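Chains as they are written, first to last, in this note's numbering: chain L, 154 to 504; chain Z, 1369 to 1546; chain Y, 12 to 664; chain X, -3 to 99.
Listed below in structure tokens is the structure:
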């Protein structure tokens, strides 16, 4: 791939420069590493912004077609540049801060919410060996980092000094921490069987047979997709942003670039949920039964998952808050425990 | 302290030094925020910052697993719960006019300071029985094995404690049906 | 493939499981409870069949495990199947299963239906424990448990005072015999260091002679109690208060035979032990004769059968006593079949007519044909008519008596022959009075019993007629050779046919029947006139030799009198001493009370007072504010740390 | 590791003392809970630092730190319940106003 070659060349150039300028080998290695980090970071950031814009466009297109409309079609071919136009508009908009907001908190919230979303991309498994940072505890890392966004939502809700924002923020947090439990528990069987929390190893374990191709895999997958949908507050779990009840929830008071950051974080989280589902259950960059591996498959799976989430939005009506809590704690949680127990028994019998 | 700067340091060591003292300074500031700020929600945010800083320290100490668990538990659960607590009891704690510290401020300060002085005097002069790390450091697998072998009993006990705490919290917080 | 040896424990355990299920859930199952019990009985039967087949191939099965250590002697428990066990297994499980089925019809509508079947299952378990156990302790456990079941089932209808009393009587009489049995076990354990039958048989030759007489007689005591021999025979006739199938199963076919089985099983103790054998044979002979004479005059059909059982048991015991160690068990088996059949037939008659008095019956042949014909089969079997079952086994007993080494064996032989004639007579009397002639009581509208009762009758009838054939000369005494396996310490001897004995026995049996025919069918001889002419003997027989009265006079009265005397002693002297001691103690207690009140309490109150006063001061610290407490705690902590570190520094310096 | 063990211990000591001071002086019950969390965090840093410097292979200190975290979570959950309970009954969460324990 040309992009890879380019990175390679850049790194070579940096290390050569460092050596010719008379630095010791240690410092040369240090500079090289910094260059690699910058390159990878740049790539990831670029990827995120492209994907986020693409997704906004895709959401509007999908919604449009599902409602027998066309969707954006004026700016660029098929309205592809609509998102860019929107982004430019948001950037240029006047930044208004309401009078009674808790200034430092209100200002920090949109910045903090983007950080975990971006950090999660450190573990995006594009292809075998093409993982920016294949941590041994990759899954745990993503889960841990994801929980930081809760604080940001709280900050946004509290800092806005607006009762709808506060209620929206609290509902969101309650929903996220409730559905985090089944989401993690749904992944536990996979971790048990792969014996690792690293994305690379989990995907390698599925090189022939995806985790989806088993009874427990299907159950886990369904639980994960449902709780993932709830964690990113999408319909039918969009109670926190229920426009008819709470205006727009915790980001009611934001506009301009701050609002754009919330938006980016939301779509990025969507990509991450889809990425985890594809990597953990759908074999990542592998086709089933050893038919081949390519980053293209990975991206296709992620987009298929995203399409599924968008499809949900126009299929299911919104739940009531108590229904949602009961569903999470009394339905999904017991099922995922039973699933874990079943996989454990199966493993114990097999060993 | 002086020999630290006499030796030529590698860039990695510089990185370590700078990040440690940076994180330490940040944590101390955040901790002071926790105990001094009038707005209790800001204090909670300070606690989140301390927890994140501690996670960073764990990462420096090669305790990856613990660092992620720290974030998951402290930021994801403890601080969230505290924030909920703040929201639910806001009417009692929101006013800036309400005094935030009690009558024993001075005596507490003296006692804490005496303890601090004693320890800050003793810690650098104590010879610690440290070992040079060779071989594999403890990773998540080591910890997991230890939990299920040597520490199985405390592990079970802590599970029961968590369960009991859960039930107790529900029972306490539940509104009595009239 | 499953190892059969490991399946043996299931034979008793399945009925035990059935008992547990029925006692816990039986009342909810209503009459379906019977299926559980029948299933268990049939399963036990099916599981014993392979074991029986193995003994037919001259193999035996044995399994054992260590139960506990007594000191350092391991007590082993085990199950064993050899030919003697196999015979008993066949009798117990086969007849038992049939009686289970019969009981469904007989007990239909009883309010404690499931309880009845639970007890039957428990009995099954206990009986199988006796039969399968390879040592005296296991036999004893089973022995006590069948005693318990017998008690429970005799007094099954405990609302009737007589039934409750009969149960108690049976229990007490058995207890007397069991004491002897327990003493025998203890002395064997002391002598041999083991109670395992095989090991005991191996060691027996070390103790030849008179040393064995007392343990042997004690062991026989157990058999006397359980098999209702004189002088402990009084419980068996009263045991007829229980349901008739129970009488058939427990008090005719199996449990009462356990004594005979036990003596046969431990025959190595009696063998060559002439004194003990004499005791056994004379008691058996006397019981046989006495019971037969009582049976002549009884009018209750079940009572006649009960005394007949007594008499036949006496026969078996006598056979063992005279050395007929095969003849006894052989008769046990044939008797089990025809006596179970007789009782079940009687049960059917009682079920059909609602009375037990044979004087009210008559002419039932037409109304209850199946019952009558099967009863006839049992009658010819017990009366000793060739070639039916009873003939062969009785002949075997008479033959061994005739050839016995026991002193006075010819006298025993003569009494045995005479008893046989009596047997034939009273059985013929019962049959003729019940089934033939005209119905004497027009009030009774008899009807045939349901199929569930008559089918077991028919099956039993077949066996009652032909079960003796394997032991007949026609089969080359196959049965005797087979059973010989269980007595490896005995020399098998050739069986010589003695046509004299055979002829005499046939003649006497026929003459007994003939006399009964003349008296009750033809009426040539009037029974009343006969009774008048030998009136004292008639009354004596009718009142069962006055045994109950004798016991009442010479055992129970003195016993009650002595308890009264002891009671008086207890009230006046023992209580007096106790009360005196109490008076003294009260006096001392008062002194202590004074001391306690003024001195001990004073000290305690002083402590309380001091505590109260000092706490007033300390209480000032308790502000109720948590942070004050924490502060105090931290101050304490800081002080401790300071002191500790300064102390260490001092040590270093 | 270039940073010596003592510096980790001193960091932990500072945070511990700050937390202790907070626990002793804050009136708000939630504030006290937060100060206690600070102290627990400081203790955890100590445990992990010792684990890294004294027995890096076995990770014993990390195990204790996990136990401490579990206990911290439990204490916060129960503390939240108690604070809500007190707030519901007394309309205050000031620790020096809650002196029901005084006899």
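Ideal placement from N, C-alpha and C gives every residue a C-beta, glycine not left out.
These numbers were taken from a predicted model, which means no experiment stands behind them.
Next on the checklist: Going by beta-carbon coordinates alone, are residue 313/Y and residue 251/Y separated by less than 8 Å?
Outcome noted: In contact: residue 313/Y and residue 251/Y (Cβ atoms closer than 8 Å).
Item to check | Residues near residue 389/Y in its chain [Cβ-Cβ closer than 6 Å; skip 5 each side] | outcome: Hits under 6 Å: 349, 352, 353, 475.
Checklist entry - Would you say the segment 40 to 49 of chain X touches the segment 19 to 26 of chain X, given that touching needs at least three Cβ pairs under 8 Å? => result The answer is no - the segment 19 to 26 of chain X does not touch the segment 40 to 49 of chain X, with fewer than three Cβ pairs under 8 Å.
Checklist entry - Which chain Z residues sit within Cβ distance under 9 Å of residue 645/Y? => result Residues of chain Z passing the Cβ test: 1476, 1479, 1480, 1483.
Item to check | Nearest-angstrom beta carbon gap, residue 636/Y and residue 92/X [assumed within contact, 8 Å] | outcome: The Cβ separation is near 5 Å, so the contact holds.
Item to check | Length at least 4, wholly inside the segment 155 to 181 of chain L: the alpha helix (DSSP H) runs in chain order | outcome: Counting only runs of 4 or more, we get 155 to 173.
Next on the checklist: Would residue 656/Y pass as an interface residue toward chain Z - the criterion being a Cβ-Cβ separation below 8 Å?
Outcome noted: Residue-level contact by beta carbon holds for residue 656/Y and chain Z, with a gap shorter than 8 Å.
Checklist entry - Just how far apart, CA to CA, sit residue 419/Y and residue 429/Y? => result Their backbone Cα atoms lie some 16 Å apart in a straight line.
Checklist entry - Can you check whether the CB of residue 404/Y is closer than 8 Å to the CB of residue 341/Y? => result Residue 341/Y is a Cβ neighbour of residue 404/Y, given a cutoff of 8 Å.
Checklist entry - By how many angstroms is the C-alpha of residue 156/Y removed from the C-alpha of residue 423/Y? => result Cα-Cα distance, rounded: 34 Å.
Item to check | Sequence-distant residues of its chain with Cβ nearer than 8 Å to residue 197/L (five each side left out) | outcome: Same-chain partners within the cutoff: 271, 274, 275, 277, 285.
Checklist entry - Which residues of chain X have a Cβ atom closer than 8 Å to the Cβ of residue 1395/Z, listed in chain order? => result By Cβ distance, chain X contributes 7, 11.
Checklist entry - By how many angstroms is the C-alpha of residue 327/L removed from the C-alpha of residue 424/L? => result Between residue 424/L and residue 327/L, the C-alpha separation is close to 22 Å.
Next on the checklist: Going residue by residue through the segment 185 to 272 of chain L, where are the continuous alpha helix (DSSP H) segments of at least 4 residues, counting only ones entirely within it?
Outcome noted: With a minimum length of 4 residues, the continuous alpha helix (DSSP H) runs that stay inside the segment 185 to 272 of chain L are 235 to 245.
Item to check | residue 27/Y versus residue 83/Y - alpha carbon distance | outcome: For residue 27/Y and residue 83/Y, the distance between alpha carbons rounds to 31 Å.
Item to check | Spatially closest choice to residue 74/Y from 59/Y, 92/Y, 64/Y, by CA coordinates | outcome: Closest by alpha carbon: 92/Y.
Item to check | Of the residues 1393/Z, 1423/Z, 1429/Z, the one placed nearest residue 1436/Z, counting alpha carbons only | outcome: Of the residues 1393/Z, 1423/Z, 1429/Z, the one whose Cα lies closest to the Cα of residue 1436/Z is 1423/Z.
Next on the checklist: My output table needs one value for residue 141/Y: the three-state DSSP class, helix, strand or coil.
Outcome noted: Note: residue 141/Y maps to helix in three-state DSSP.
Item to check | residue 1369/Z versus residue 1489/Z: straight-line alpha-carbon distance, rounded | outcome: Because residue 1369/Z carries a pLDDT of 47, less than 50, the predicted location of this residue cannot be relied on, and no value is offered for it.
Next on the checklist: For residue 262/Y, tell me which candidate among 162/Y, 634/Y, 345/Y, 149/Y has the shortest Cα-Cα distance.
Outcome noted: Selected option, being the one with the closest Cα: 162/Y.
Checklist entry - Any Cβ of chain Z within less than 8 Å of the Cβ of residue 293/L? => result Using beta-carbon distances, residue 293/L counts as an interface residue toward chain Z, with a partner under 8 Å.
Next on the checklist: Would residue 1537/Z and residue 53/X be called neighbours here (beta carbons separated by less than 8 Å)?
Outcome noted: It is not a contact, given that the beta carbons lie outside the stated cut-off.
Next on the checklist: Judging by CA-CA distance, which residue of 243/Y, 201/Y, 217/Y is the nearest neighbour of residue 189/Y?
Outcome noted: Out of 243/Y, 201/Y, 217/Y, the CA that lies nearest to the CA of residue 189/Y is found in 243/Y.
Next on the checklist: I'd like the span of the alpha helix (DSSP H) that includes residue 498/Y, first residue to last.
Outcome noted: Note, residue 498/Y: premise wrong, no alpha helix (DSSP H); not H, not E.
Checklist entry - Alpha carbon to alpha carbon, what distance is there between residue 322/Y and residue 152/Y? => result Linking residue 152/Y to residue 322/Y through their CA atoms gives a straight-line distance of about 27 Å.
Next on the checklist: Using a Cβ-Cβ cutoff of less than 6 Å, which residues in the same chain neighbour residue 214/Y once the five nearest sequence positions on both sides are dropped?
Outcome noted: Excluding sequence neighbours, residue 214/Y sits near 203.
Next on the checklist: Taking 8 Å as the threshold (beta carbon to beta carbon), is residue 140/Y in contact with chain Z?
Outcome noted: Not one beta carbon of chain Z lies nearer than 8 Å to the beta carbon of residue 140/Y.
Next on the checklist: With a threshold of 8 Å between beta carbons, is residue 638/Y in contact with chain X?
Outcome noted: Residue 638/Y has a beta carbon lying within less than 8 Å of a beta carbon in chain X.
Next on the checklist: My parser needs the beta strand (DSSP E) runs of 3 or more residues fully inside the segment 280 to 328 of chain L; what are they?
Outcome noted: The segment 280 to 328 of chain L contains no whole beta strand (DSSP E) run of 3 or more residues.
Item to check | Cβ pair residue 182/Y, residue 158/Y closer than 8 Å | outcome: Yes; because the gap between Cβ atoms is below 8 Å, this pair is in contact.
Checklist entry - For residue 5/Y, which residues in chain Z fall below 8 Å Cβ to Cβ? => result Since the displayed chain Y opens at 12 and closes at 664, residue 5/Y lies outside it and no answer follows.
Item to check | Beta carbon of residue 360/Y nearer than 8 Å to that of residue 385/Y | outcome: No, the Cβ-Cβ distance between residue 360/Y and residue 385/Y is not below 8 Å.
Checklist entry - When DSSP labels each residue in this structure, what does residue 1389/Z get in the three-state scheme? => result Per DSSP, reduced to three states, the secondary structure at residue 1389/Z is helical.
Next on the checklist: Count Cβ pairs between the segment 345 to 360 of chain L and the segment 476 to 486 of chain L that sit closer than 8 Å; are there 3 or more?
Outcome noted: Judged by Cβ distances under 8 Å, the segment 345 to 360 of chain L makes no contact with the segment 476 to 486 of chain L, as fewer than three pairs qualify.
Item to check | Pick from 149/Y, 410/Y, 72/Y, 38/Y that is closest to residue 79/Y, judged by C-alpha positions | outcome: Nearest neighbour of residue 79/Y by Cα position, chosen from 149/Y, 410/Y, 72/Y, 38/Y, turns out to be 149/Y.
Item to check | Rounded separation between residue 53/Y and residue 412/Y - CA only | outcome: For residue 53/Y and residue 412/Y, the gap between their C-alpha atoms comes out near 38 Å.
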